[in-house]
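K.L.:
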Amino acid sequence: MVEIYDVAIVGGGGAGLSAAIFTSRLGLSTIIVTREIGGRALVNSPYSHRSIENYPGFPSITGLELMSRFEQQAKIYGATFLFAEALKVSEDESHIFHIVTTRGEVKSRTLILAFGETPKRLGVKDEEKYEGRGISYCAYCDLEECRGKVVAVVGFGERALLSASLLSKVAEKVYLIYWWGGVGEPIDLTRFLKGKENIELITLSSVAEVKGCDKVESIVIQGPFGEDRRKIKVDSLFIELGFEAKTDFLKGFVELDENGKVKTDRDCCTSRAGVFAAGDITDSKYKQIVISAGDGARAALSAYNYLQHIRGGTPLYSDIFTLRSKKLVEGNGE
Ligand SMILES: Cc1cc2nc3c(=O)[nH]c(=O)nc-3n(C[C@H](O)[C@H](O)[C@H](O)COP(=O)(O)OP(=O)(O)OC[C@H]3O[C@@H](n4cnc5c(N)ncnc54)[C@H](O)[C@@H]3O)c2cc1C
Numbered sequence: 000m001v002e003i004y005d006v007a008i009v010g011g012g013g014a015g016l017s018a019a020i021f022t023s024r025l026g027l028s029t030i031i032v033t034r035e036i037g038g039r040a041l042v043n044s045p046y047s048h049r050s051i052e053n054y055p056g057f058p059s060i061t062g063l064e065l066m067s068r069f070e071q072q073a074k075i076y077g078a079t080f081l082f083a084e085a086l087k088v089s090e091d092e093s094h095i096f097h098i099v100t101t102r103g104e105v106k107s108r109t110l111i112l113a114f115g116e117t118p119k120r121l122g123v124k125d126e127e128k129y130e131g132r133g134i135s136y137c138a139y140c141d142l143e144e145c146r147g148k149v150v151a152v153v154g155f156g157e158r159a160l161l162s163a164s165l166l167s168k169v170a171e172k173v174y175l176i177y178w179w180g181g182v183g184e185p186i187d188l189t190r191f192l193k194g195k196e197n198i199e200l201i202t203l204s205s206v207a208e209v210k211g212c213d214k215v216e217s218i219v220i221q222g223p224f225g226e227d228r229r230k231i232k233v234d235s236l237f238i239e240l241g242f243e244a245k246t247d248f249l250k251g252f253v254e255l256d257e258n259g260k261v262k263t264d265r266d267c268c269t270s271r272a273g274v275f276a277a278g279d280i281t282d283s284k285y286k287q288i289v290i291s292a293g294d295g296a297r298a299a300l301s302a303y304n305y306l307q308h309i310r311g312g313t314p315l316y317s318d319i320f321t322l323r324s325k326k327l328v329e330g331n332g333e
């Protein structure tokens, strides 16, 4: 293992893998710290064989295959992988970045943050244990597994409704456990339910417990004050509470927006010199694989230029004045 990498990338989805292809190909020693390979392109499902149909060059390709190709390409150019979770990042007085992970510390001269967004969890006991065993955060991905089954969707807003509607086309029965639906509910739930006889709407309720052995067998629902508890037998539970950027450990390190997203400029530079960000973790509006991959490439080129500057080399596609005006580099050196 290299002692200090030129580039450490946190996240092994489309953004991180694309960044690794570029940095390794440019000859920079690169390590990717990631929980797993593929990220959201696999749409959070161990079952998903759903095709991606808008990645240029591939009219239809599964997320798994596309991400495996990204991974292979990064490996061909020599990127190293560390399967771990990044817990903390800091910079020392020599401008070396330290990434504390669940499998030790990684040091690097530049850092690319590419760790996407995570589905919001419900927060019930054993939720993680049942993920992929009846608990899902993506109805679209796990639709086929629900054919003829009894399923529940818990959440609120249009996402929950869309999931329930989709599932109702294949499942025998769908319980829609809706967090709100009382006075002031902005969505016309009666209109939504019209013609969808196999959806049972349970308003002002949430899921308090998930029960089962190897997989989900039932859920316990209750009202907002813990009242009206009752057990429902279900084969799957879909959680539709939206997504969040888990960037707490970056607070004070780089500038974040009000949603916890990393603020970047058009070259994927963050507020801290030597730190770049790419893909869904950034404050950019659009979230697609091709955008994450493009961001990854941009962040990689910016990291390369930053290193070229501190090493006295020639930057790619840019010049020192551009770099300085973008706050890519610090100091008085010419
Ligand atoms: C249901 C659904 C369908 C979609 N369909 C399409 C589609 O058809 N076409 C399309 O282009 N886009 C689609 N998207 C969007 C697309 O999947 C994402 O925009 C893209 O995959 C994001 O890539 P990313 O690399 O930025 O982040 P991610 O793919 O989220 O990758 C983040 C990576 O970081 C890792 N990670 C997270 N936290 C840490 C940590 N602390 N330490 C270490 N590793 C960490 C994760 O394990 C993951 O590997 C869809 C998204 C969803 C949810």
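Here the sequence shown is numbered in numbering that gives the first Met the number 0, starting from 0 and rising by one per residue.
Just so you know, even glycine gets a beta-carbon here, dropped at the ideal spot from N, CA and C.
Can you pull the DSSP bridge partners for HIS308?
P.N.:
Your numbering for residue 308 matches position 309 in the sequence shown. Answer is none; HIS308 lacks a bridge partner.
K.L.:
Given a cut-off of 9 Å on the beta-carbon distance, is the pair ILE201 and ILE238 in contact?
P.N.:
Numbered from 1 along the sequence shown, position 202 holds the residue referred to as residue 201. Numbered from 1 along the sequence shown, position 239 holds the residue referred to as residue 238. Their beta carbons are not under 9 Å apart, which means ILE201 does not touch ILE238 by this criterion.
K.L.:
Closest to VAL152 by CA distance: which of ARG265, GLU257, LEU240 is it?
P.N.:
Locating residue 152 in the sequence shown gives position 153, counting from the first residue. Cα-wise, what sits closest to VAL152 is LEU240.
K.L.:
Which residue comes first and which comes last in the alpha helix (DSSP H) that contains PHE191?
P.N.:
Looking up residue 191 in the sequence shown gives position 192. Start and end: 188-192.
K.L.:
Look at LEU110 and VAL6 and say whether their C-beta atoms are less than 9 Å apart.
P.N.:
Locating residue 110 in the sequence shown gives position 111, counting from the first residue. Locating residue 6 in the sequence shown gives position 7, counting from the first residue. Closer than 9 Å, so yes.
K.L.:
Using only the heavy atoms of ligand 1, determine whether one of them is closer than 8 Å to the beta carbon of GLN72.
P.N.:
Numbered from 1 along the sequence shown, position 73 holds the residue referred to as residue 72. Not so, every heavy atom of ligand 1 lies at least 8 Å from the Cβ.
K.L.:
Measuring from the CB of VAL289, is there a heavy atom of ligand 1 at a distance below 8 Å?
P.N.:
Walking along the sequence shown from the start, residue 289 turns up at place 290. Correct: VAL289 has its Cβ closer than 8 Å to ligand 1.
K.L.:
Take every Cβ of the region 28-39, pair it with every Cβ of the region 56-76, and state whether three or more of those distances are shorter than 8 Å.
P.N.:
The answer is yes - the region 56-76 touches the region 28-39, with three or more Cβ pairs under 8 Å.
K.L.:
From this set, PHE252, PHE21, LYS168, PRO223, which residue's C-alpha is nearest ARG146's C-alpha?
P.N.:
Taking the first residue of the sequence shown as 1, we reach residue 146 at position 147. The candidate whose alpha carbon is nearest that of ARG146 is LYS168.
K.L.:
What are the residues that DSSP puts in a beta bridge with HIS97?
P.N.:
By 1-based counting over the sequence shown, the position of residue 97 is 98. DSSP lists SER89, LYS106 as partners of HIS97.
K.L.:
Just curious, the alpha helix (DSSP H) that GLN71 is in, first and last residue?
P.N.:
For the purposes of this step, residue 71 is taken as residue 72 along the sequence shown, with counting starting at 1. 62-75 is the extent of the alpha helix (DSSP H) around GLN71.
K.L.:
Go ahead and label GLY330 buried or exposed: buried means 16 or more other beta carbons lie within 10 angstroms of its beta carbon, across all protein chains shown.
P.N.:
Position 331 of the sequence shown, counted from the start, is the residue given in the question as residue 330. Note that GLY330 scores 48 on pLDDT, short of 50, meaning its location in the model is unreliable; the coordinates nonetheless yield the value given after this. That one is exposed.
K.L.:
Would the beta-carbon of GLU52 be found less than 8 Å away from any heavy atom of ligand 1?
P.N.:
Looking up residue 52 in the sequence shown gives position 53. Yes.
K.L.:
What residue from ILE220, LEU203, LEU161 has the CA that sits closest to ILE231's CA?
P.N.:
Taking the first residue of the sequence shown as position 1, residue 231 is located at position 232. Nearest option by C-alpha distance: ILE220.
K.L.:
Which same chain residues, not among the five before or five after GLU90, have their C-beta less than 6 Å away from its C-beta?
P.N.:
Within the sequence shown, the letter at position 91 stands for residue 90. Excluding positions up to five away in sequence, the list reads PHE96.
K.L.:
At a cut of 8 Å, does the region 243-251 reach the region 159-166 through at least three beta carbon pairs?
P.N.:
No, the region 243-251 is not in contact with the region 159-166.
K.L.:
Rounded to the nearest angstrom, how far is the Cβ of ARG120 from that of GLU126, given a contact under 8 Å?
P.N.:
Taking the sequence shown and counting its residues from 1, one reaches residue 120 at position 121. Taking the sequence shown and counting its residues from 1, one reaches residue 126 at position 127. That belief holds up - the Cβ atoms of ARG120 and GLU126 are roughly 6 Å apart, short of 8 Å.
K.L.:
Any heavy atom of ligand 1 closer than 8 Å to the CB of LYS172?
P.N.:
Sequence index remark: in the sequence shown, residue 172 carries index 173 (1-based). Checking every heavy atom of ligand 1 against the Cβ of LYS172, none is found closer than 8 Å.
K.L.:
Between the C-alpha atoms of SER164 and PHE191, what's the straight-line distance to the nearest angstrom?
P.N.:
Position 165 of the sequence shown holds residue 164. Position 192 of the sequence shown holds residue 191. Roughly 9 Å between the two C-alpha positions.
K.L.:
Hey, would you say ALA85 sits closer than 9 Å to ALA19, going by beta carbons?
P.N.:
For the purposes of this step, residue 85 is taken as the residue at position 86 of the sequence shown. For the purposes of this step, residue 19 is taken as the residue at position 20 of the sequence shown. No, Cβ-Cβ distance for ALA85 and ALA19 is not below 9 Å.
K.L.:
Just to confirm the assignment, what range does the beta strand (DSSP E) spanning ARG229 have?
P.N.:
On the sequence shown, residue 229 is found 230 positions in, with the first residue counted as 1. Start and end: 229-232.
K.L.:
Runs of 4 residues minimum, wholly inside the region 187-226: which ones carry the alpha helix (DSSP H) assignment?
P.N.:
For the region 187-226, whole alpha helix (DSSP H) runs of length 4 or above, ordered along the chain, are 188-192.
K.L.:
By Cβ distance, which residues of its chain are closer than 7 Å to PHE155, with the 5 residues on each side in sequence left out?
P.N.:
Translated into positions along the sequence shown, residue 155 becomes position 156. Correct list, in chain order: TYR177, TRP178, TRP179.
K.L.:
Going by CA-CA distance only, name the one from ASP279, ILE280, GLY278, THR263 that's closest to ALA272.
P.N.:
As a working mapping, residue 272 is identified with position 273 in the sequence shown. Of the candidates ASP279, ILE280, GLY278, THR263, the one whose C-alpha sits nearest the C-alpha of ALA272 is THR263.
K.L.:
On the premise that ASP279 lies in contact with ALA291, defined as a C-beta separation below 8 Å, what is that separation, rounded to the nearest angstrom?
P.N.:
Within the sequence shown, the letter at position 292 stands for residue 291. Within the sequence shown, the letter at position 280 stands for residue 279. Looking at the sequence shown, residue 291 is not Ala but Ser. That pair is a contact at about 6 Å.
K.L.:
Terminal residues of the continuous beta strand (DSSP E) containing LYS172?
P.N.:
Indexing the sequence shown from 1 puts residue 172 at position 173. Per DSSP, LYS172 belongs to the beta strand (DSSP E) from 172-177.
K.L.:
Let me know the secondary structure DSSP gives SER283 once reduced to three states.
P.N.:
As a first step, residue 283 must be located in the sequence shown, where it is residue number 284. Coil, per DSSP.
K.L.:
According to DSSP, is GLY183 part of a helix, a strand, or is it coil?
P.N.:
One-based indexing of the sequence shown puts residue 183 at position 184. If DSSP states are grouped into helix, strand and coil, GLY183 belongs with coil.
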